[in-house]
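Notes follow once the structure below has been shown.
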Amino acid sequence: MIDKNDNTVMRLKKIFDPESVSESEKDIPQTDDFDGVNDDSEQDIETQETDEEVVDETIVDDVGDSVRTKRQKTKTKVKHVTKQKNKNSKKYKILAIIAAVLIVAGGGFVLWDRVLSVKTLDFFELAPTRFVNDGESIFFEMNQDQIVFAENPAVEAVLKTMRYTVNPDGALKEGDAVLVTLTPTEAELKTLKDNKYKLKATAKEIRVEGYSELVSIDFFTRVTVTFKGESGTGVAETTIDSAIKDSNPEVEKVLKQIKVKPIAATDLANGDIVTVSLDLTDAMREALRKENVQLESETKEITVEGLIGAPASIDGIDNFLDLQEKASQKMIADYQKNGIEATNIRMVSACYTATPSNTINATDKESGKNYENGSLMFVFSFDLVTDGKTETFADAYGFTNIMADSNGVITARLRSMVPARDKMSPTAVQEELNQNGFQCQ
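Quick note on this note's numbering: the sequence shown kicks off at 88 and runs consecutively.
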């Protein structure tokens, strides 16, 4: 077992992982290594090479003539002295081996982390694709919102929003092929890289082999537009049939979520054209397409009508015949009242203007008021006998301020209109009306 306080361990940590060494560990004296010798010390080892020479000392004994050797002396000669510095080579050999192992291990980790651990994504396997026939042409469709990549939500988000191009786009037929090319942004590629993923391919050729038929629905059959107020200051209101039904529950669910964008105009007049637009999201469109359903149109132009105002023409006066009869009766009553014995009274023409100009003889002889918007005049001819001579003259009786709404002419707003005339011909009466903006028929 290795003691965590052992100086050797502390030294290795300092060399290979200095950030992991705590402040307390830094204070531990680091004097010894594997062999207990301070790395910074040096040992001087003296090596001597010697030559030994034996010297005999001869002593002559006085007693007799004998000679003997008393002792031997050895003389030692030092030839040279060498010194070597011990650098604890054994310790550094061990450190070198450990360092080599760590370097190899670290390189292997880098290789695994940067190369071998990166996973490959097949975008075209994850994204559902199909070909759709909308009744006019076949076109390619990719449903990115259906991509599911549960193991990494960040990567899934990138795959769902990554842009792509299709070539050719639309006007396809059975057997044609399209080239789908992904165009990821730098940010999207970085997200994939940070999460250790890469795209297997960024382009794929897909051939038309079967397609789905789309059914079109006219949603505007469920929309009612009502115009209210006076012409020129009118507004529009829209309502949607609340009892929307469809044989497909999924389609019915989406249809019930569709709204109509408000029409903001507050100065609408009869005859104006307004555009009614549906309000729905891309998700709702895609939900319909998944059920092979599409909306026939998301906008529709509608002509403004029904606002209180003067009808655009005689055709807009729903009680025309009733007004003609009333005008005729008034003329007869007036002539009788004034002692004019007119005979053979008959209508010559009907003249109408929505916006009179009031140029000539435009004042009612009873009220003193001029023509107002929505004026209808009936030109009557009659015979008058004077001094035994029969002459034909004409006069015009009618109504002004003819206002109508979606229910027809508002009779309560009508005002009788009879400008003063004296023995004018039918042609002269019509010309006078024409100068005031009337069209006769």
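For glycine and all other residues, C-beta sits at the position ideal for the given N, C-alpha and C.
Chain-order list of residues whose beta-carbon lies under 6 Å from that of residue i (same chain, five-residue window excluded)
i: C527; result: S436, C438, Q517
i: K387; result: F307, V363
i: E459; result: T487, N488
i: D328; result: R309
i: L501; result: F486
i: T252; result: T268
i: Y422; result: A429
i: S444; result: N523, G524
i: R508; result: D482
Cβ-Cβ distance between residue i and residue j below 9 Å
i: L276; j: L208; result: no
i: T60; j: S462; result: In this structure the chain extends from 88 to 528, so residue 60 is not present and cannot be described.
i: E324; j: I331; result: no
i: K206; j: K291; result: no
i: A258; j: F226; result: yes
i: V295; j: F211; result: no
i: V245; j: P271; result: yes
i: K424; j: S503; result: no
i: V347; j: I389; result: no
i: L342; j: G222; result: no
i: P506; j: A483; result: yes
i: T450; j: F525; result: no
i: E412; j: N357; result: no
i: F465; j: A414; result: yes
Reference residue i; option with closest CA among the options
i: M229; options: D256, A483, K287; result: D256
i: A351; options: F314, G358, E519, E337; result: F314
i: V472; options: N431, E453, I360, N494; result: N431
i: A397; options: R250, D409, S318, V302; result: S318
i: T477; options: G262, K510, I497, K456; result: K510
i: S512; options: T498, G485, F469, S400; result: F469
i: M249; options: Y298, K260, E273; result: E273
i: Q381; options: G524, G426, S303; result: S303
i: G495; options: G297, I401, E261; result: I401
i: E453; options: F407, I185, G485; result: G485
i: T498; options: I395, E428, G297; result: I395
i: K287; options: A481, L269, Y298, G297; result: L269
i: N220; options: I184, N357, K260, Y251; result: K260
i: E67; options: T320, A420, D369, N357; result: Lying before the first or after the last residue shown, residue 67 is absent from the chain, which here runs from 88 to 528.
i: S299; options: S224, D474, D333, L365; result: S224
i: G403; options: S493, N457, G262; result: S493
i: A399; options: G426, L182, D409, D359; result: D359
Other residues of its chain near residue i: CB distance less than 7 Å, five sequence neighbours each side excluded
i: F196; result: Residue placement at F196 is poorly supported in this model, since its pLDDT is 49, which falls under 50; the coordinates still yield a value, given next. So no residue of the chain qualifies.
i: Q522; result: T446, I447
i: G151; result: With a pLDDT of 45 at G151, under the threshold of 50, the modelled position of this residue cannot be trusted; read the value that follows with caution. If we look at G151 and ignore the five residues flanking it on each side, it has no Cβ neighbours.
i: D305; result: E383
i: E519; result: I447, N448
i: T326; result: T311
i: D232; result: K247, E373
i: L266; result: N254, A290, E292
i: A241; result: T278, N282
Contact with chain B by residue i, beta-carbon distance below 9 Å
i: S364; result: Absent from the structure is chain B; it holds one protein chain and no more.
Contacts around residue i, its chain only, beta-carbon distance under 8 Å, and the 5 residues preceding and following it disregarded
i: E337; result: A374, K377, E378
i: V322; result: F314, K315, G316, I350, A352, T353, L355
i: E537; result: An answer regarding residue 537 cannot be provided, because it is not within the stretch 88 to 528 covered by the chain.
i: V202; result: With a pLDDT of 48 at V202, under the threshold of 50, the modelled position of this residue cannot be trusted; read the value that follows with caution. The answer is none, since no qualifying residue turns up.
i: Q344; result: L367, M371
i: R433; result: F467, S468, F469
i: L213; result: I234, V235, F236, L246
i: N534; result: Here the chain has residues from 88 to 528 only, and residue 534 is not among them.
i: N335; result: E378, V380
i: A515; result: A481
i: N406; result: G495, V496, T498
Report task. Output the residue ranges of the alpha helix (DSSP H) runs that lie fully inside the segment 406-475 and measure 4 residues or longer, sorted by chain position. Result -> Taken in chain order, the whole alpha helix (DSSP H) runs of length 4 or more contained in the segment 406-475 are 407-424.
**Report entry** beta strand (DSSP E) runs wholly inside the segment 340-407, at least 3 long, in chain order
**Finding:** 360-366, 380-382, 386-390, all fully within the segment 340-407.
Report task. Enumerate, from N- to C-terminal direction, the unbroken beta strand (DSSP E) stretches of 3 or more residues contained entirely within the segment 233-321. Result -> 251-254, 264-269, 284-286, 290-294, 302-304, 310-315, all fully within the segment 233-321.
Query raised in the report: Could you give the uninterrupted runs of the beta strand (DSSP E) lying entirely in the segment 473-523, keeping only those of 3 residues or more?
Result: DSSP runs (the beta strand (DSSP E)) wholly in the segment 473-523: 476-487, 502-504.
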